[in-house]
Amino acid sequence: MKITSALIVTSAMLIACLSISIKAQEAISEKPQSKESLLKEPVSKEAVSKEPLLKESQYSTNVVIDGLSFPKSIEVLPSGVILVTQRDGQLAIINESNAQYRVKVNLPGLYTKGQGGWLDVIPADDFDTSSTLLLSYSKGTDSENKLVVVSGQFSSAFGVTNIQPVFEINTVRDTPVHYGAKLLSLGNEEYLLTSGDGFDYREQAQVVSSHLGKVLGFTITGEPLANAPFPESPYVYTLGHRNPQGLVITSSGEILLNEHGPDGGDEINRITRGDNYGWPVVTLGVDYSGAQISPFNHYEGMVNPLLDWTPSIAPSSMAIYNDDGFTALKNTAIVTALKTKRVYAVPLKNLRDGSIVKGAKLLLDKIDTRLRDVAIDKNGDILLLTDGEKGKVIRISPVN
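With mature numbering (1 follows the signal peptide of the UniProt record, and there is no 0) applied, the sequence shown corresponds to residues -24 to -1, 1 to 376, in that order.
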């Protein structure tokens, strides 16, 4: 049955008309698949190794910086300088000598309620010559707010100045949650931005004209990427996302995204231009009330996740590890979690075959706090950013 305009999904809690592009959707599966048949490597409490991959004798920990108020992201610049953004627009700077600076960055219209605030920062492709950073944050008011991207010039003395608009999503909301907001460079001054569904707007994830529940593509000048998969909505790169907070690219050019499901159904997905990742038509989770969100575990034309976490871990970020410091972590995705307060290593050995070997492994058990973000420094150390009003950066270093 070919679908050209709309799909009606009925469940106990959801009756919605979802506008679905013919490019992303072609047919309905008359018999939904079971969770067991959906994934090659489903992850459950039993599937995640109970023994940590790294023994305590193999690593040391030390606090790089503390006293961070609701930190949101950590980034290591090419020089080795570490940046940590905070919800209220504060920037913490740690240089290679471990000297610390804290500066306030003037972000026009910054909205800091709930999960909003200054959410991510990355260096622009020409950072080495221009010192340009890209920043994502929530802008607006309680009744109307949205995700925006700006550029600015970085210096250790002044933080980020000369703020200039680059891109803003086209859809406002009145909720302070589910922003996504993760930035990724594709090279050649092309970038991706994850955009969450705003929680109360889950159906928007399937509406191509809306920027909620999407991965969006843009250039450094704010133009859509060439060869847009949806010409009628040229900034949309992929659709069908809930709250995607981890976005990375592997050395072979594979784009991976992790995102929060509802109660269960957290995912890692391989991102391909023009694909539909299903939310809320397809989910392996249920509503927080326990009610069913959708009757479908699979839907033809929508992409199954590479990996699923049910029960939820609340994956908050991801980084690719390919350094020599921890040889056991070569070619893995390091995933942090808020709910389980753990760090996981996801082997990527068979990624090109469409599966992830042996699911996820517990990386270490010495850390037991909500984790917001992760980065790898130029020495191969793992930097963990903790969550909350007393956040800190913890360095995980190999012990030889």
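Beta carbons: idealized from backbone N, C-alpha and C, even for Gly.
- [ ] Look at Ser171 and Leu192 and say whether their C-beta atoms are less than 9 Å apart.
- [x] yes
Task: Helix, strand or coil at residue 377 according to DSSP, with G and I counted as helix - done: The chain is shown only over -24 to 376; residue 377 falls outside these bounds and no answer can be derived.
Task: Cut-off 7 Å between Cβ atoms - residues of its own chain near Asp299, not counting five sequence neighbours on either side - done: Ile352 and Gly356
- [ ] Within 10 angstroms of the Cβ of Asp173, are there 16 or more other Cβ atoms? Answer buried if so, exposed if not.
- [x] buried
Open item on the list: Under 8 Å, with one C-beta from each stretch per pair, do the region 80 to 96 and the region 42 to 59 reach the 3-pair mark?
Closed with: yes
Task: Touching by the beta-carbon criterion (3+ pairs, under 8 Å), the region 260 to 279 and the region 221 to 230 - done: no
- [ ] Check each candidate in Phe194, Thr108, Asp344 and Tyr87 and name the one with the smallest Cα separation from Glu120.
- [x] Tyr87
Open item on the list: My parser needs the beta strand (DSSP E) runs of 3 or more residues fully inside the region 32 to 84; what are they?
Closed with: 35 to 44, 47 to 52, 58 to 62, 66 to 70 and 76 to 80
Task: Lys122 classed as buried or exposed, judged by whether at least 16 other C-beta atoms fall within 10 angstroms - done: buried
Task: Short Cβ contact (9 Å threshold) for Val126 with Ile145 - done: no
- [ ] From the DSSP output, in three-state form, read off Phe272 for me.
- [x] strand
Task: Simplified DSSP state of Leu201, which is helix, strand or coil - done: coil
Task: Close Cβ partners of Gly301 (< 6 Å) along its chain, the five nearest in sequence each way excluded - done: Gly356 and Pro374
- [ ] Reducing DSSP to helix, strand and coil, say where Arg218 ends up.
- [x] coil
Task: Burial state of Asn82 (16 or more Cβ within 10 Å) - done: exposed
- [ ] Determine the closest residue to Arg371 out of Ile58, Pro220 and Val79, with distance taken between C-alpha atoms.
- [x] Ile58
TODO: Using three-state DSSP, classify Pro105 as helix, strand or coil.
DONE: The sequence given here has Thr at residue 105, not Pro. Correct three-state label for Thr105: helix.
Open item on the list: So, at 8 Å on beta carbons, what are the nonlocal neighbours of Gly181 in its own chain, with the 5 sequence-adjacent residues on each side left out?
Closed with: Reading off the sequence, residue 181 comes out as Ala, not Gly. Result list for Ala181: Asp173, Leu188, Gly189, Lys190, Leu215, Gly216, His217, Arg218, Trp255 and Pro256, in chain order.
Task: Cα-Cα separation, residue 460 to His154 - done: Because the chain here runs from -24 to 376, residue 460 falls outside it and cannot be looked at.
TODO: Can you give me the Cβ contacts of Gly56 inside the same chain, cut-off strictly under 7 Å, excluding the 5 residues immediately before and after it?
DONE: Glu72, Asp353 and Lys354
Task: Length-filtered (3 minimum) beta strand (DSSP E) runs lying within the region 297 to 374 - done: 308 to 313, 319 to 323, 337 to 340, 347 to 352, 358 to 362 and 367 to 374
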